[in-house]
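Residue numbers (the working numbering): 43 to 331.
Just so it is clear, CB atoms sit at the ideal spot from N, CA and C, and this is done for glycine as well.
A quick write-up on the structure given underneath.
Below is the structure:
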């Protein structure tokens, strides 16, 4: 695989090239298990990478008129990167890394917020959005309700219902075999197969800072040094890096939990929030760890 040979200073996340790749209030890595676990119809584990200076609030219950929405909030655009809503609704968005693509348009984080606060089905929301999807900068959007899990991407335009199984996504196509996506998929598959009752293995997979071998790296136009740096599941840097890890579990009745760990520029965990989805009560036991 060939990469640009121009000299690139390593670990300079604030340079214009990284900003042109479409950083926004979205997840940058996730694995999702759909209808493969005996208890949890939906399981999602993912990391949000972003500039540390971008103002954000952590996972919380949103106030009226958005009662029932559980998510963090991007204070610049008002949207969010991942969250849950009433009746088993879940949404998560990633950007698509492409230095040549237009990076302007309406807020992609607002797509998640709009779906979570709404009442229509995941399929209906995706169908309605598909016609206007090219107006947005490149994105991948996953939407779920109690009946289905839907994918919509606009770079290229692709709309599909997800089949039961383990699916992964980073800043490229759905189920693209990027090394960190495959590793997180494998960790989630192992967790499902083992019937685990704690989240420790998933948190460990999300905290993995190992980088992929050069031969396995994607070529997204940002140069070899940046591809190496972004190949880890967990990104640590003073200016840009992993700011939150999230795990979501929902059963067939739309009940479960959402849990978030937040990190500072040094990579230290500075906060953790666990919220129940559904009737008030104790968190399900798999929220331990």
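Distance between residue j and residue i (C-alpha atoms, nearest Å)
i: residue 234; j: residue 298; result: 16 Å
i: residue 305; j: residue 320; result: 27 Å
i: residue 85; j: residue 264; result: 31 Å
i: residue 64; j: residue 293; result: A caution first: residue 64 carries a pLDDT of 48, below 50, which makes its placement in the model unreliable, though a value can still be read off. C-alpha separation (whole angstroms): 33 Å.
i: residue 287; j: residue 309; result: 11 Å
i: residue 332; j: residue 126; result: The structure shown does not extend to residue 332, since the chain spans only 43 to 331, so no value can be given for it.
i: residue 162; j: residue 206; result: 22 Å
i: residue 171; j: residue 295; result: 26 Å
i: residue 230; j: residue 301; result: 16 Å
i: residue 317; j: residue 128; result: 13 Å
i: residue 289; j: residue 247; result: 12 Å
i: residue 46; j: residue 222; result: Any answer about residue 46 is weak, because its pLDDT of 34 lies below 50 and its placement is not dependable; what the coordinates show is given next. Cα-Cα distance, rounded: 22 Å.
i: residue 220; j: residue 72; result: 12 Å
i: residue 93; j: residue 281; result: 6 Å
i: residue 143; j: residue 202; result: 23 Å
i: residue 109; j: residue 266; result: 45 Å
i: residue 244; j: residue 271; result: 21 Å
i: residue 199; j: residue 268; result: 26 Å
i: residue 2; j: residue 75; result: Residue 2 lies beyond the range of the chain shown here (43 to 331); nothing can be said about it.
i: residue 112; j: residue 159; result: 10 Å
i: residue 258; j: residue 273; result: 10 Å
i: residue 278; j: residue 174; result: 35 Å
i: residue 218; j: residue 249; result: 21 Å
i: residue 167; j: residue 157; result: 7 Å
i: residue 87; j: residue 187; result: 17 Å
i: residue 77; j: residue 209; result: 11 Å
i: residue 232; j: residue 204; result: 20 Å
i: residue 169; j: residue 239; result: 36 Å
i: residue 211; j: residue 102; result: 24 Å
i: residue 241; j: residue 256; result: 30 Å
i: residue 136; j: residue 194; result: 11 Å
8 Å contact criterion, which residue i and residue j should meet: CB distance rounded
i: residue 154; j: residue 123; result: 7 Å
i: residue 262; j: residue 140; result: 7 Å
i: residue 69; j: residue 134; result: 5 Å
i: residue 192; j: residue 165; result: 6 Å
i: residue 182; j: residue 224; result: In fact, because the Cβ distance is near 17 Å, the residues do not count as touching under 8 Å.
i: residue 89; j: residue 315; result: About 16 Å separates the two Cβ atoms, so there is no contact after all.
Assigned exposure category for residue i - 16 Cβ within 10 Å defines buried
i: residue 252; result: exposed
i: residue 99; result: exposed
i: residue 131; result: buried
i: residue 189; result: exposed
i: residue 214; result: buried
i: residue 97; result: exposed
i: residue 328; result: Confidence is the limiting factor: at residue 328 the pLDDT is only 49, short of 50, which leaves the residue's position unreliable, though a coordinate-based value still follows. The residue in question, residue 328, is buried, as its Cβ has 16 or more Cβ neighbours within 10 Å.
i: residue 185; result: buried
i: residue 396; result: No answer is possible for residue 396: the residues shown for the chain start at 43 and end at 331.
i: residue 180; result: buried
i: residue 313; result: exposed
i: residue 260; result: buried
i: residue 236; result: exposed
i: residue 95; result: exposed
i: residue 291; result: buried
i: residue 106; result: exposed
Cβ-heavy atom distance, residue i to the ligand ADP, below 7 Å
i: residue 306; result: Only the bare structure without any ligand can be found here, which leaves the ligand ADP out of the picture.
Beta-ladder partner(s) of residue i, from DSSP
i: residue 311; result: 305
i: residue 286; result: 90, 304
i: residue 135; result: 183
i: residue 208; result: 75
i: residue 276; result: Partner(s): none; residue 276 has no beta bridge.
i: residue 192; result: 185, 203
i: residue 291; result: 85, 299
i: residue 317; result: 300
i: residue 159; result: In DSSP, residue 159 forms no bridge with anything.
i: residue 113; result: 102, 125
Checklist entry - Are the region 112-121 and the region 145-159 in contact at 8 Å, needing three or more beta carbon pairs? => result yes
Next on the checklist: Contact between the region 106-117 and the region 69-85 is defined here as three or more beta-carbon pairs at a separation below 8 Å; is this criterion met?
Outcome noted: no
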